[in-house]
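The structure under discussion appears below in the form of structure tokens.
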Amino acid sequence: MSTSLIPFLEMNGSANEAIDFYVKALDAKVVYTLRFGDLPGNRESPLPPEKKDLISYAILKIGESELQLTDNVTGSSYQKGTQVTIVVQTNDKDKATQYFEALKQRGQVNEPLQASFFSPAYGNVTDKFGVTFRILTRGQQ
Numbered sequence: 038m039s040t041s042l043i044p045f046l047e048m049n050g051s052a053n054e055a056i057d058f059y060v061k062a063l064d065a066k067v068v069y070t071l072r073f074g075d076l077p078g079n080r081e082s083p084l085p086p087e088k089k090d091l092i093s094y095a096i097l098k099i100g101e102s103e104l105q106l107t108d109n110v111t112g113s114s115y116q117k118g119t120q121v122t123i124v125v126q127t128n129d130k131d132k133a134t135q136y137f138e139a140l141k142q143r144g145q146v147n148e149p150l151q152a153s154f155f156s157p158a159y160g161n162v163t164d165k166f167g168v169t170f171r172i173l174t175r176g177q178q
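Following our numbering, the residues of the sequence shown are numbered contiguously, the last one being 178.
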């Protein structure tokens, strides 16, 4: 079993700019980029044209580490300086469930742990200390 902690940045429409910046500033390599316009179901949906090129999910490799980014397009509150969450990534669905259940104690479930098109078990939880974690099992459903 493999588990890693990965910083996850939520940007307010500036993820493309941030990616370019980190590539130059930190010698980052772009490993993966998915734009909102390319998401399953969003190709023909009423997503505003100005949001189709925003980043749904990106992975940068910096040395031996990984940095993940997204753009906030939901209209939920965004406050500069609080956009960092931690991804707990594992290849074991049972371990992901264990982590999620432990972190949600006296915390808040933001997205229940469930299968998605990109993961057999994905969820988002804020722990009792106010730290937000995205639990992600590698692989596809």
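Every residue gets a Cβ at the ideal spot worked out from N, C-alpha and C, and that includes glycine.
In this structure, the beta-carbon distance from A65 to I99 falls below 7 Å.
Looking at A62, K88 and V162, the one whose alpha-carbon comes closest to that of G74 is K88.
Rounded to the nearest angstrom, the gap between the Cα atoms of V125 and K165 is 17 Å. In this structure, L173 and L104 do not form a Cβ contact; the two beta carbons are roughly 14 Å apart against a cut-off of 8 Å. Apart from sequence neighbours up to five positions away, the residues of its chain that approach Y159 with a beta-carbon distance below 6 Å are S153 and L173, ordered along the chain.
Inclusion of N161 and N147 in the CB contact set at 7 Å is warranted, their separation being smaller than that value.
According to DSSP, residue pairing for D108 in a beta bridge involves M48. By the C-beta density criterion, L106 is buried, having at least 16 other C-beta atoms within 10 angstroms.
Cβ-Cβ separation between V60 and V67: approximately 7 Å, consistent with a contact (criterion under 8 Å). Nearest neighbour of Q151 by Cα position, chosen from E101, E54, R175 and P86, turns out to be R175.
Minimum Cα-Cα distance from Q145 among the listed residues I96, S41, A55 and T169 corresponds to T169. If you keep only unbroken alpha helix (DSSP H) runs of at least 4 residues inside the region 90-176, you get 130-140. D57 is classed as exposed because its beta carbon has fewer than 16 other beta carbons within 10 Å across all chains shown. The shortest C-alpha to C-alpha distance from L71 to any of E138, N53 and Q135 is the one to N53. Counting every other CB atom within 10 Å of its CB across the protein chains shown gives M38 a total below 16, marking it as exposed.
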